Structure formats: C-alpha cells, structure tokens
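Chains as they are written, first to last, in the numbering used here: chain A, 27 to 302; chain B, -8 to 434; chain C, 427 to 703.
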Amino acid sequence: MAHHGRTTSESIIMETMNEKKHKYGMVIDLDKCNGCGACTVACAVENNVPPAVEKMNSRNGITWLRVSNVNQNESFTENDTVFVPMFCQQCEKETPCLTVCPQNAVDIDPNTGIVGQIPQRCLGCRYCMTACPYHARYFNYWDPQWSDGMKQQLNPDVSPRMRGVVEKCNFCHGRLHAAKEKAASMGNREIDPKEYVPACVESCPNSAITFGDLNDQTSVVAQLSKQGNAFRFLSRLGTEPKVYYHSTREWVRAMAEQKGPHSLRDSQFSAEAIHG
Amino acid sequence: MDKLFIPRGVQRTSLPKFLLWLLPWTGLFAVGIYAIYLCLAEGLFHTNMDNRFAFGIWIFMDLTVIALGAGAFFTGFLLYILRKKELSAVINSAVVIGLICYSGAVLVLMVDVGQPLRAWFTFWHPNTHSMLTEVTFCLTCYLVVLLIEYIPIVLKNRKLRQIPKFLVFEFELHKLMPVFAAVGAFLSFFHQGSLGGLFGVLRGRPFAFREELGIWPSTFFLFVFSAAAAGPSFIMLTTLLVEKLTRKRLVRSSIYQFLGKLSGSMLIGYVLLKSIDTLIWINSTSPGNGFPAFEFYETQSFGTWILFSEIVLFGLFPALILLSSRLRMNRVLLFGSAFLVCCGIMLNRFVMTIQTLALPTLPFDEFLTYAPSWEEVAAFLFVVAYGVILYSLTYRYTTIFPQERELALGRNEEHGELSAAQSTDDGSRQNSFSAKTVNRTIS
Amino acid sequence: MIPWVYEFHWTAFHIIFLTVFGTVGLIVATTMLMVFNRSKTAKQTGRVEAIQWHSDFHDLPSGMRTCRHEFSGDVQHRTCNNEFRCESCSVHLAFVSMKGEPVSPLLLQNNVLGFSMPHDRYYHRGHAWVKKDPDGNCLVGLDDFGTRLVGTIESMELPEIGKKIHLNGIGWTIHTLGVKLRILSPLEGEVIAHGTEKDRWLMKIRPSDPQNATVHLLRETEIRPWIMREMERLQFSFATSGAGITLADGGELIPDFHKHFPNADWDGVLGQMFLEA
C-alpha cells in the first residue's frame, strides 16, 4: 500500500534482463532557442494532438510541449530573456506520476526509460497531473475533433486519445516503434540511433535540442548532459529527470535553482496561438 | 396515509408542510442532476478545472464531507467495540450522515473522473502503490458497510417492521452489528488516512509533501486524527440543527457534553501532531526539496494566517474549550467550538487541495487562481440537497434519535429524579426496609 | 489484485493488498450470509413472536419500561431491562425475598381511577388479565382499561383451541377503529377453551409452568400506580397522534371517548398503549 517502490517495472526488468538498456534523454540548449514554437507545432502534428476548440485556452488546452518565455526582471536596457521548452521530463527516480496512478496507466519502459501513459487504461482521475511538478500532463476536457481536411493529416502511427483521459510527451513513441520495425525488418536487434529522433528535435531550426541514449557514453547527448553548464529543473526534488537544459548565462542557471528575480513574460505559447 | 409510516410516539409535521420543505431542495437536486448530466455527457470542460488545477472544488468537497462523515465509523467503533452505551443516542444519525457523506462523495467522484465506466479497472488490476487505490478500495467497501448499517434503520419503520421477514432480519442483523462496526472502523481508519496520504506523497508538490512514518506520509495520521475530531462535532451540529428546525429535544444534553469532550480530546491530539509535523516540514522537509517553507505563504491571500488559523484558531482554541468541563456547559461555547472544529477541517482540506495546486513549482511558474463554474457548484449543492432530502425522509419515517420519544414524554433526567423522589415517599410509608439497600443489591 | 490477472505480481504489497481486502470482503459476505441464515432459522423455529417482542421492548422509551418495584415503592427509580420477565430477574427475586408481611386487603380497592381492576386478578402490561382457575388453569381476558380503549370492537380472532401461545407473543387479535391490534399474551401455555359471552373471560390457558405462571404479572398495590402511568401514557400518545391536548390531569376516562377524537391516529394511539413499537 505504500506509494513508493517500483516492483511492477522491476519484475518486467527481470523478464527482459538480456536486452540492452537504453536511457533516452535530451539536452536543450537554451542559448540557441529563440522561441519560434516549431517544436510545439511539430509535436502536436506528430502525436495527433487535436486542434483547439473555441473555448479552449492555455490552461485547459493540450500542448505536450510548450515554450515559456522567462524574463530576467532587470531594467529595460539590462534585461535578458530566455525561452524554456517544457514537457515531460521523464523522471527516472521516484517518478511522481508513476506511483500515484491507481490503475497502472502510467508505466516506465525498462528498456528505454521512457515514462509512458496508457490512455486506454486511464480513468481520468488526474491524480498524476497534481503529482507532476512540471505540469507536463494534459487532460482531454473536450472530445477530440478534427475537421475532414485535418483528418487526412493524422499520423497513422499514433492513436488519438479519447475525451476524459490524460496524455503527455512520450518521446514520440510512434517514431520509436517505426524505428524498431525498420530494424527488425533488416534483421537487427537494435535500432539505428539516427532512425529514432523525436519530432521536436527534428523540427528545431536552431538545432537547440539534442536527443539520444544517455547510457551510451559516446553519444553527444550523454556528453552534453555532463557539461558544466548543463542543469535540470527542480533537480532538488530528487526525481532525476532525463531532460537536461544548458545555458552559459548564469542568471538562467540560477533561475532554474529557484534563485534570483525572474518572471514569466507574456503567457505561454497557448493552444489558441498554435491551433486557433 | 403517510401517518401510518411515521413512528409511534413522536410528532412529525403535516405532509404538505413536509413536502413544502422538500420542494426547494428537490429544485436544487434537479439543477445538480442537470449539471452532472452536462459533465458526463459533454465533458469536463463544463468545469473550470484545467491542466494545472486538475483537482477543484469537488475533490475539496469529497475530502471535507468524508472527514465530517467520520462520525459514523468513530461513533460505531466507540459504541459497539468499546461499549460506550451513551452513543446509542446518536448512532443512527451518525450512520445516516455517514451514508450521505460517503455516497455523495463517491457520486461526485464518478462525475469528476474523465472515464467513470473504467472505475472497475482499479479493482481488477490496481496499482497497489497508489494512495488512490487504497482510497478507492476502502471507500467502496465502507460504503457497502454503511449501506448494511443503514438497513436496520429503514426496517425499523413502523410499517416495514410489521412484516415478519424484515423484523427478524433486522433483529439478526443488529445482533451482528459489532462485526460491521469493526470492519467499518478498520476501513475508515485506512481511507481517512490514505486521503491524507494522497497529498503527502506528492514529491512534486513540496507544499504538500511530508516525511514518511512507516509506509505512509505524516498526513495519513493527521487526517485520521482530524477526521475523528470533526466527526463528533459534525454530529453535534447536525443534531442541534435538526432540534432547532423541528423545535424539540432529540438527545439529552449529556450526550452533547460527551461528544464535545470526545471531539476535544481527539482535536488536542491532532493539534499536537500537526504542530510537530509543521515544524518538521518548515525546518527540514520543505527546504530539503529546495523550497523554503515561508515562500509558500508570500503569495497573495494565502499568508501565514492560514497556518495560524488551522493550528490555533480552529485547533487549540476549540480543543481547550471542549476539554474544559466548565466551559463546555455553556451551550454557545460548546456548539461554537464544534463549529470551529468543522471549519478547521474544511480549511485544512482546502489547503491540501486548492492551495497545493495554486502554488507554483517551476521557478518561472505563476501563482494560479481558480473559481468553480456553475456546474461544479451545482454538483456540489446536489450533494447537499441529496443529503438534506435523504436525512429528512429518514428522520420523518424512522426513529433516528431513540431518545426523542423519551424526551417528548417529558421523562428526561430531571423528571425522572422527581418521580423517583415521590416514589420513595410512598415506599418509606409502606415498607420497612430501605430502598438504598436494594439499590445496592441492584447495582 | 487478483492472482493470474494481468499486472498481478507475487510481491509483498500485492499479497498484503489481496489478503486485507479479501478478508474484509469475506467477513462482510460471511456475516451477511449468517444474518440471512439466522433469520431463516428464526422463522422456521417459530421465534418470530419472541423477536418481535424483543424488538418492540427495545424500542420502548425508558419511561414506558418502569420497573414494577417502582410502582410498589420498593425502589426510587428503575427501568426494566429484562423485557418485563420478572421470573428471570435477579432484582425481582431480591425484592421478593425481602418482602415483609402481605398488604392488608383493606388497602386495596377494585376501582382504580374509574376503572374496574379487581384485585383477585393479575395484570399484564399489555392490558390482558389473568385469573387462576381452581382447576389449576388460567383464565385470560382484556382488562377494563384495555376494553375501554378499544371501544366497540369490529371483530376478534382468538387462537384455536390446542394452540400454544407464548408469553409476550400474540395473545389474540382485535379489529377496531380500522386498526388491527394484537394483544400481548400474558402467559406461556396452551389454549384449552374459548370463553362465551357470559363467561367474561376469553380463553382458558393451561400454563406450561404452573408454578411460575403469574410471577411476572402486576398485582395488588402495583395496579394503581401502574394505571396512573397508563393514563399519563394515553394522554401523551394522544398528544403525539395529532389529537392535541386531551385529558385533564386526574380525570377519568369518559365512556365512548373515541367519538370525541374522530381525527386521532388510532393505529398510533392503540399501538403505543398495547406496547407495539
């Protein structure tokens, strides 16, 4: 009856012991991000996130990935600003959303470390949303609707979610499956890292996002994550997120540690702005 | 016609007057049903909840009514297990209130979740590590127990008891009531606690996150204590309300004293634990997670006055009054304290749900506000209306308060003493032996 | 939760969870089955009447459960908790053993507040009287208070000859004022004869335990205080049954008083007076 421990995934690990373990993660260079929002759009298109309806707003609409604009709060001439793409941080330890779900609708793939959300099992109690410190989980308050034309654009690799369930970033699991299929068709057990790149990474015009296997010490992402200026949001909670950020600007790193003055500038890239 | 269903020996208002009383509540009930229909049929966008405020007034209400309904398990436990006979005067009322609170809470929960038809998933393949699983299981089981406990009250109705099948069933069921009281107390202990645990385990919400004691966070134990304190107080208040509305006495004043003392002693324990817990949280847990605790109270209206109110104004203050047998004799102080206790519980549940969600966690996040939509308020009032209607019907057609008949008979404590004195006079005239000797033999 | 169902693992938490809730479910289900079973047995073994009395007695307010020793002045204040069964009441036995000389018959009057309550009879709280017949059997009838309460009866059903009746069970049934009323049996025994019009008794009973047949019944000095209480009770039951204030304190019951209360809830009044809850 305790809330901690991960016996479920542990036992799955036992079953799949002999497979190679990956730990997919990201490093986002905040100095390169100019807040264009291409990642948000690419994410929504890739994952069949339904377009906003009339009454939707930035608080109840669905954006698996949203970019926040943070101000340094200095005088006008001295002021600096940073864009922070925020989405599921794929917490590795004490994953807050995993243990709270009453019906096992949240799981962690032991082979990839990806925190998954199984909408078919989700009761829609939204307990995981209150548990998530990054507010990276989204609830379908409306029935998802696509106009006839938009239906043609739906991604066949990703099933759309129904009303009343929670969804979130899963590092584009449709792409992971496609890469696995491709590898299998070629008789390989392992996927080619180049074949599995999430949509946001691909779409970023400034190549601010690096994606890869953090377990693979030779990968770029593993090396970037160990750089001096790499940091994670809310790292003191002890949840070991697998999404790293990077900035050479000291105030940005201090901000992530809750220090120094800063404020949210403007509203986030809202659902209306993107889909409306 | 309706007269034949009203218990013998008690007075009830006329049927038209009773229906008139039910009318506004039925209206509220109907509006609530419509709001619930909208939420179920069209979606939860009818509420003002959003991705940040994923829990709203409904969860707050569920936590509150379940705490207030705790009187059912606590009274049942004391009466049937610890044999506190005095409580038989309020046990029926406690069961009805418990049933209303729990069924109301479950009903609204079913509207609150996005896919209510999947609720069985939790039973078939639950995540045993989730506090919500524990809540779901205990709540469901306890609701069944409460329904079983409610059956005898209904079967004691004047007409129903004339059917031998019902009469015998009620009799046999009542004999085994201690079993249900024990099961109910066990289940209640766990779900009152796990409702608290629900928030205490939220590692991602440093405002709510608490240290663990065993396998549960400290809020588990705080919720058990506070519910045990609020239950008796709420029974006091509802009984007083029914007395005022019906303009008659329903329980002896000694019962109020007993309940007040009970509430006070649980509350003082709660205040002590809560104070220790708060100190540990301020000095260790919260800063350990990178959040200096007092930063939580810097935002807008949620200042440290909340902490003060929770612990002192709604905690220590009423607890001391309820524990003093002299102050408790004053009805205003007694019921005023009971009211403060209930307010304190509501505030605590409010803080745990609403304030927890309003406070930002990400460094660039903002403090958010939320106001419930009319559909949310209507569903909330639906539970109130449902409760009033069920309680009124049960009160009218069954004997919720066994002492009502007695008090109406005019044979309350004072009168009993008076007639006893008279009979001694007669006795001393006719018999040579002392009544006191016999009294000793009897006891 | 359930073994061999997807997501069940043989780990401590799953086993504890399964055990705890399995036990709770089992206890609740078993207890309910026991209740069903016991009530079935109770009906088959003819314990319904005993249970009815038990239940009715339990629901009587304590003011209606006055101990007979309060009537006789032996004790200041005492409420009966033994279903008016003095033969098995230790307190009653204690009192009886302490009893002094018998009360002089001169102190006893047959007229009690205008009711004819002869002192050669024993009275049950449900207003049936019992008189010992020289042949060792008991005669049973409805006392004057009860007779005046029920008024002109429409019909009456006596148990058949040879039938056993149980103490505090259904003695006989009366239909009056649109109410079906059961009169509590004052005795445990077998019905051996029905009385005729001129007999002034209704049934002749062969008591199961002739020695203790009348121990629990009210007698002599107990009758007057008891009837006084009954008058109080009647007044109260009228008050709660929608007839408003009725009897002045200390007055007597006028003959056909029913006619004066056409709107009274007779089922309520008579039920209360004849100890039906």
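Glycine included, each C-beta is placed from N, C-alpha and C at the ideal position. In this text the structure is predicted, and so the values were computed from the model without any measurement.
- The bridge partners DSSP lists for I596(C) are L610(C).
- Around the beta carbon of E583(C), fewer than 16 other beta carbons lie within 10 angstroms, which makes this residue exposed.
- Taken atom to atom, the span from the alpha-carbon of W692(C) to that of V605(C) is near 7 Å.
- Flagged as an interface residue toward chain B: T125(A), by a C-beta distance shorter than 8 Å.
- With the criterion set as a beta carbon lying under 8 Å from some beta carbon of chain B, the members of the stretch 145 to 166 of chain A are R147, C148, L149, G150, C151, R152, Y153, M155, T156, A157, C158, P159, Y160, H161, R163, Y164, F165 and N166, in sequence order.
- For T107(A), the enclosing beta strand (DSSP E) covers residues T107 to M112.
- Contact check between the stretch 129 to 137 of chain A and the stretch 88 to 100 of chain B: fewer than three CB pairs, one atom from each, fall below 8 Å, which does not count as touching.
- Taking a contact to require three or more Cβ pairs closer than 8 Å, the stretch 100 to 112 of chain B and the stretch 235 to 254 of chain B do not qualify as touching.
- For M52(A), the secondary structure class from DSSP, reduced to helix, strand or coil, is strand.
- Within the stretch 155 to 243 of chain A, the runs of beta strand (DSSP E) that reach at least 3 residues and sit entirely inside it are, in chain order, 163 to 165, 192 to 194 and 235 to 239.
- One Cα belongs to S84(B), the other to P15(B), and the distance between them is close to 23 Å.
- Proximity of M101(B) to chain A, defined by a Cβ-Cβ separation below 8 Å, is not satisfied.
- Straight across, the Cα-Cα distance linking L202(A) with Y222(A) is about 6 Å.
- Interface with chain B (8 Å Cβ-Cβ cutoff): A282(A) is included.
- Of the residues assessed, G213(A) falls on the exposed side of the cut-off, its CB having fewer than 16 other CB atoms within 10 angstroms.
- Shown here for T55(B): same chain residues with a beta carbon closer than 7 Å to its own, the five before and five after excluded, namely I336, M337 and R340 in chain order.
- By the Cβ neighbour-count rule, G472(C) is exposed, with fewer than 16 other Cβ atoms within 10 Å of its own.
- In the structure shown, the three-state DSSP call for D133(A) is strand.
- Take the alpha-carbon of N74(A) and the one of S173(A): they are about 13 Å apart.
- From the listed residues S516(C), G448(C) and M524(C), the smallest Cα separation to D500(C) is found for M524(C).
- Comparing alpha-carbon positions, the option among T103(A), P159(A) and K208(A) lying closest to G264(A) turns out to be P159(A).
- Three or more pairs of CB atoms, one per stretch, sit closer than 8 Å, so the stretch 69 to 83 of chain A contacts the stretch 163 to 173 of chain A.
- Across the stretch 168 to 202 of chain A, CB contacts with chain B closer than 7 Å involve W168, D169, R189, G190 and V191, in sequence order along the chain.
- Scanning its chain for C-beta atoms nearer than 6 Å, with the 5 sequence neighbours on each side dropped, one finds around C123(A) the residues V132, C154, A157 and C158, in chain order.
- Across the stretch 248 to 262 of chain A, CB contacts with chain B closer than 7 Å involve F259, L260 and R262, in sequence order along the chain.
- Contact of Q106(B) with chain A by beta-carbon distance below 7 Å involves C148, L149, G150, G190 and V191.
- The criterion of a C-beta distance shorter than 8 Å is satisfied by V617(C) and P585(C).
- Sequence-distant Cβ neighbours of F162(B) in its own chain, meaning closer than 8 Å and more than five residues away, do not exist here.
- When the Cα atoms are used, H120(B) and P208(B) turn out to be separated by approximately 13 Å.
- Straight-line measurement puts the Cα of F9(B) at about 28 Å from the Cα of W365(B).
- Considered as a whole, the stretch 365 to 398 of chain B harbours no complete run of any beta strand (DSSP E) with no fewer than 3 residues.
- Residues of the stretch 34 to 68 of chain B with a C-beta atom less than 7 Å from some C-beta of chain A are G34, L35, F36, D41, N42, R43, A45 and F46, listed in chain order.
- The beta carbon of A220(B) sits closer than 7 Å to those of S254, M257, L258, Y261 and V332, all from its chain and outside the five residues before and after it, given in chain order.
- N86(A) is not a Cβ neighbour of F46(B), given a cutoff of 8 Å.
- Excluding sequence positions up to five before and after G0(B), its CB lies within less than 6 Å of the CB of R396, all in the same chain and listed in chain order.
- Secondary structure at F257(A): strand, using DSSP grouped into helix, strand and coil.
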